[in-house]
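Colleague: Please find one structure pasted underneath; my questions will follow.
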Amino acid sequence: MKIKFPFLGSMLALVTFLVGCEPLMVLNPKGPMAARQASDIMLSIGIMTIVVIVVLVILTFILFKFRASKQPNDYEPPHVEANIWVEVICIGIPILIVAYLSFVSVQSNYIVESAPTGYENEKPLVIYASSSDWKWHFSYPEQGIETVNYLYIPTDRPLEFKLYSHGPITSFWIPQLGGQKYAMADMVTTLHLAADVPGEYMGRNANFSGKGFAENIFNVTAMSQKEFDEWVEEVHERAEPLTEDEFNKLLEPGHLGQMTFTGTHLEFSPAPEHNHGLDIDDLESNHIDHTSHDSQTDSTNIETDHSGH
Amino acid sequence: MKIDHTQPLEYSTDQNQLNILGFWIFLGAEIMLFATLFTAYFTLEGRTGSGPTPADIFEITPVLIETFVLLTSSFTIGLGVHAMRLGRKNAMLTFFGITLLLGLGFLGVEIYEFTHYYHVGATYQTSAFTAALLTTLGTHGAHVTLGLFWGLFIILQVKKRGLTPENANKSFIFSLYWHFLDVVWIFIFSFIYLKGMMM
Amino acid sequence: MEFFERFAIPHPSPMIYASMVAIALVSIGILVGITYFKKWGYLWHEWFTSVDHKKIGIMYLISALIMLFRGGADAILMRAQLSSPEMKLLDAQHYNEIFTTHGVVMIFFVVMPFIFAFMNLIVPLQIGGRDVAFPRLNALSFWLFFAGAMLFNISFVIGGSPDAGWTSYFPLAGNDFSTSVGTNYYMLALQISGIGSLMTGINMITTILKMRAPGMTLMKLPMFTWSALITNVIIVFAFPVLTIALLMGTTDRLFGTNFFTTGNGGMDMLWANFFWVWGHPEVYILILPAFGLYSEIISTFSGRNLYGYKSMVGSMVLISLLSFLVWTHHFFTMGQGAFTNSIFSITTMAIAVPTGVKIFNWLFTMWKGKIRFTVPMLYSVGFIPLFTIGGVTGVMLAMSAADYQYHNTMFLVAHFHNTIIPGVLFALLAGLTYYWPKFFGFMLNEKIGKSTFWLVAVGFVLTFFPMYITGLDGQARRMYTYSEETGFGPLNMLSFVGSALFAIGFVTLVYNLYYSFKNSPRNIGSDPWDARSVEWATHTPIPEYNFARLPQVASSEAFWDMKKKGHKLFTGELKEIHMPNNSGVPFVLGIIFFIAGFSFVFALWVPAVVAVIGIFVCMALRSFEQDHGRHINVKEIKEIEAQYEEVPGNEDRSHTTTRV
């Protein structure tokens, strides 16, 4: 482990040098998840570079040594049968490499799918991030706030994103905080992130979702818990409440700037969590009064989705 | 065309052997086709939307009739192939004829079943469940329909041209096809109907 | 939508109108040309109705090359649009259509027919056979592929191209979000050509299992035929999944069912699963025949037997099994949890092991060899390091936690092009150059061929290596534009330059075909490369029956045994040869399928029903038809064989002439 880091560091420097300017977004992590992923990436780049170099060296050697122009005219290449030990080595070494990487991969899988390292005991901030053509809606149920196309988050606190979509499959991605996850229409996925450093980060939908896909981005601002609390207060003082009509208008396909509301759309148009073990009674009381929360699903099928259970 | 008399008639030429092997491979592809349909059905079975559930629409009587009829037809086509190997053309034609009539009966009951689903509000568009159900049954039913025509053509050809190696080969391959449809039906019966009615 | 509105292009641009005019002019030009030169009869008797595996192979080859230019034009447009920030060459809709058609055309209508071309051309020769098991079915496979390809290609002038990506994920591809008929084209064109592929699979497996020359046990098959056998097994088990997925997608779009919709219980994730259960094996359907071609070429130009024959076969079998167990890695980010991701992460990485074995076997085949750097060998030698890079980035992507960062980015795009281009495209170009003299009787110019190789190789590296970097810098795939601040500009410009070199490379390829046709000597004998396996034991050009006497085989390199070890390849008396008759039915069925497909795309029910009935009528007619083929008698064979002996360079001298 001790030797790994200088090596990884030099690889990172190399890649950085190749690009010439600031470090690549994914390799410039600002939170524990992205850091784990970046270190996995650097580790695999390292090992794989060695593999490629070995193959290149063998190939170059063979091509130089056995090229026809270097050999006597009457040279007849021999008939060579496979040597069992050569084969064992050719199978054995890849198996060892793959076994090691599998081990790391499985470990990382469990790490990225649970609360961020270092924040296990803190209560996460839950944010519902839902996409519609071609915007992101961020609902803070705890704070009673909803924003469109921008995201304020406190640093040093675990974040739990609940992702779903009002349309096609999208993918919620803030490269510097951690990898992406899909947002889909009939289930809610969970993405754990955390930010260590205050700053502005790029966030986007990474999964192709139609005409407005390229511009389907949002700004992420990470700030201290104190500043975040101040922002919450300010929003409650200044912003308008989000009504159902207003929200339905927001869902129409197109692009919007940044917007801020008090209240969240979850109150009248809950997330499709019912398939996944959430308390059904809570939701049922919610959608008695709502008629249609988006153009694709109507009230009838929402009710009957429950009857299937 | 060389005819090898040590082999059964349907295997007696090179081309006949190729045809039979090729058809077995085709049946391998058919297994994947129906396996995919079953996978879709099992995935979507519980996703009934605003429509009825399996237990709401399945009726035991027509399903039992269909099963009985189709299983019997599989037996009669077996007898038909046996008769063909003994060189008894008329017996073979009779058994093939009975098989097709049973197939027609199956299809009739299936059509009744579909109209029943329509009347109880389980149409193709109702839900993911009904779409998966009707596609699975419909694909099987379409296979049976195709088989009816195919079988009829074979009967006509055997009648006209006799039990040639070519016709024996066609009849044998057709019997493989028919048995296969029967196997698929057993799966449909067990894992769609029985399971659905018990849910 | 109004009846006629559906036929209009939803987002017309001058480029599309120009294409319409060009298509019309070219079609008229071809029709007039054929009529003027009175070639209709020739085309009909020699090509359209042919059931000869060699001619069908050549038709696949020509179609693949034509489609390659269609797919390549799409690619160039994409790179041009992204070459600098805020480019205005294409709008979002047009760009979406182009990357969709690029993917579909390249996979289904370039690489698939290309590998079918080689299977058709080479497999019957390598097993010492006279044709495939079901020659007429083979013709039908081709015409269905062709009908599918044409149906897909007219989409951009009638009704609009599909625009939901080649993966066509629902609900984006559903009626709600994809309102033009484009995705209907996708569903039906792929369905039609997919049926053709499935039938080729059945045909080839039967051929290889049942029609091998005397003495050729399975473990004496030449390596390309082994790869073809395994590929076709994958085809037979993978394509029915696509058939069903497309059927469901079609009913969703045309009949309003709810398989993949967001309401009434529909499940969008089911499409993604089905698509990739077919899609990942499809990757190996593309690459395994390429591996087979490399094995033939590397062994020939090293002058050595293929190292590790058994482990080559074993690794292909293992790859084919694993290929069905990895599909979830295409959507690690769908939220199926750490456990599922871990399993699929491990199975995916496991594929690196058999693939690694193959790489080392190729390296050891060159060991102690006598390596001749011909054009096919250059591609093979270039393939090894470049494909290794593609392979190891695949292992990187297989680490599912890290994949959260790679997924949907240019890194992924770089990875799969890095496997497909050096892996498959290089193999196809190498195979084209290698087998060209066998089928056309002259060699492609080596000098131009080498410049093509360098342009394509350098173009490839410049186009795709920068994408690894921009991917890690946060450039998502399928974005039609990006802003200045992202800093993606310079590297994308580099990609564009690379793709321009790539394009020039293909122009030189075409020029090479023309130049060599004009200038290459025709007296090259039947074995210009000093090759090893039995397909080179035929005359050039190959007589329609391939071998006057079936070869007696004792190893996987029977031709080499004949040349070097005095093995008697052809013994015994000449006998009457049975050949299949030509048939126009496959061609007619192709047309009917095209009409059926087109009618379904636009929901024109009357012609659709008529066409479907037409299909069944053709099948019924076939059932009643008695066609036992024809026989070529010994006297005719002797006459044909005698012609070859008069040609200088042929027969006895063949393996001593023209060495490169």
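So the protein sequences, as listed, match chains A, B and C. For the first sequence, this note's numbering begins at 88 and goes up steadily by one. For the second sequence, this note's numbering begins at 768 and goes up steadily by one. For the third sequence, this note's numbering begins at 15 and goes up steadily by one. Cβ atoms here follow ideal geometry from the backbone N, Cα and C, with glycine treated the same way.
Within 10 angstroms of the Cβ of T828/B, are there 16 or more other Cβ atoms? Answer buried if so, exposed if not.
Modeller: With fewer than 16 other Cβ atoms within 10 Å, it is exposed.
Colleague: Quick one: using the 10 Å Cβ neighbour count with 16 as the cut-off for buried, is H363/A buried or exposed?
Modeller: Bear in mind that a pLDDT of 38 at H363/A, under 50, signals an unreliable position, so the number given afterwards is only what the model happens to contain. Exposed is the call here.
Colleague: Given this structure, state the Cα-to-Cα distance separating I629/C from V602/C, to the nearest angstrom.
Modeller: 9 Å
Colleague: Can the beta-carbon of M859/B be found closer than 9 Å to that of S779/B?
Modeller: It is not a contact, given that the beta carbons lie outside the stated cut-off.
Colleague: On the criterion of 16 or more Cβ atoms from any shown chain inside 10 Å, does P28/C qualify as buried, or is it exposed?
Modeller: If you draw a 10 Å sphere on the C-beta of P28/C, you find fewer than 16 other C-beta atoms in it, and that means exposed.
Colleague: Does the beta-carbon of M457/C have 16 or more other beta-carbons within 10 angstroms, so that it is buried, or is it exposed?
Modeller: buried
Colleague: For the candidate residues W318/A, L250/A, V191/A, whose alpha-carbon lies nearest to that of A358/A?
Modeller: L250/A
Colleague: Near L523/C, which residues of its chain fall below 6 Å by C-beta distance, leaving aside the five closest residues on each side in sequence?
Modeller: T466
Colleague: Chain A partners of N319/C, CB-CB under 8 Å?
Modeller: H166, V167
Colleague: Starting from R644/C, follow the beta strand (DSSP E) in both directions and report where the run begins and ends.
Modeller: 644-646
Colleague: Could you have a look at I70/C and say whether DSSP puts it in helix, strand or coil?
Modeller: Reduced to three states, the DSSP call for I70/C is helix.
Colleague: Give me the residue from A286/C, F397/C, W58/C with the minimum Cα distance to F374/C.
Modeller: F397/C
Colleague: Are there any heavy atoms of the ligand ZN lying less than 8 Å away from the beta-carbon of R855/B, as far as the coordinates show?
Modeller: Summarising the ligand content, the structure contains no ligands, and the ligand ZN is consequently not present.
Colleague: Use the C-beta contact count for I42/C: other C-beta atoms within 10 angstroms, 16 or more gives buried, fewer gives exposed.
Modeller: exposed
Colleague: For chain B, check one thing: does any of its Cβ atoms lie closer than 9 Å to the Cβ of F614/C?
Modeller: Chain B, which has no Cβ nearer than 9 Å to the Cβ of F614/C, makes this no.
Colleague: Along the alpha helix (DSSP H) that carries N526/C, what are the first and last residues, could you check?
Modeller: 503-533
Colleague: Which residues share a DSSP beta bridge with Y418/C?
Modeller: DSSP, once it has assigned bridges, lists no residue as partnering Y418/C.
Colleague: Under a Cβ-count criterion, where at least 16 other Cβ atoms within 10 Å of its own Cβ denotes burial, should Y884/B be classed as buried or exposed?
Modeller: buried
Colleague: Please go through the same chain and pick out, in chain order, the residues whose beta-carbon is closer than 8 Å to the beta-carbon of M966/B, but skip the five residues on each side of it.
Modeller: T820, P821, A822
Colleague: If distances are taken between C-alpha atoms only, which option among L618/C, D190/C, T214/C, T433/C comes closest to G270/C?
Modeller: D190/C
Colleague: For the alpha helix (DSSP H) containing E310/C, list its first residue and its last residue.
Modeller: 282-316
Colleague: Under a CB-based cut-off of 9 Å, is Y237/A close to chain C?
Modeller: No Cβ of chain C is located within less than 9 Å of the beta carbon of Y237/A.
Colleague: State the Cα-Cα distance for the pair V235/A and W223/A, rounded to the nearest angstrom.
Modeller: 6 Å
Colleague: Taking the alpha helix (DSSP H) that L874/B falls in, what are its first and last residues?
Modeller: 856-886
Colleague: For M201/C and A796/B, I'd like the C-alpha separation in whole angstroms.
Modeller: 20 Å
Colleague: Give a yes or no on whether 9 Å exceeds the smallest Cβ distance from T893/B to chain C.
Modeller: Yes, T893/B counts as interfacial toward chain C.
Colleague: Relative to the C-alpha of A692/C, which candidate in V171/C, E296/C, P254/C, D417/C has its C-alpha closest?
Modeller: Residue numbering for chain C in the displayed model covers 15 to 674; residue 692/C lies beyond these limits and cannot be assessed.
Colleague: Look up H592/C in the DSSP assignment and give the residues it is bridged to.
Modeller: H645/C
Colleague: Please report whether the beta-carbon of S637/C lies at a distance below 9 Å from any beta-carbon of chain B.
Modeller: Yes, S637/C lies at the interface with chain B (some Cβ there is under 9 Å from its Cβ).
Colleague: Drop a sphere of 10 angstroms on the beta-carbon of S156/A, count the other beta-carbons inside from all chains shown, and report buried for 16 or more, exposed for fewer.
Modeller: With fewer than 16 other Cβ atoms within 10 Å, it is exposed.
Colleague: Taking the alpha carbon of V371/C as the reference point, which residue from I176/A, V144/A, F305/A has its own alpha carbon closest?
Modeller: I176/A
Colleague: Apply the 10 Å Cβ neighbour rule to Q312/A and answer buried if 16 or more other Cβ atoms are within range, or exposed otherwise.
Modeller: exposed
Colleague: Alpha carbons only, please: which of F954/B, L948/B, G963/B, S957/B is nearest the one belonging to L837/B?
Modeller: L948/B
Colleague: Please report how far the alpha carbon of A617/C lies from the alpha carbon of I605/C, in whole angstroms.
Modeller: 18 Å
Colleague: Taking the straight line between their C-alpha atoms, what separation do you get for L365/A and M274/A?
Modeller: Confidence is the limiting factor: at L365/A the pLDDT is only 34, short of 50, which leaves the residue's position unreliable, though a coordinate-based value still follows. Roughly 11 Å separates the two Cα atoms.
Colleague: Quick check: what's the CA-CA separation for G132/C versus S211/C?
Modeller: One detail in the question is off: residue 132/C reads as Phe in this sequence, not Gly. Cα to Cα, F132/C sits roughly 14 Å from S211/C.
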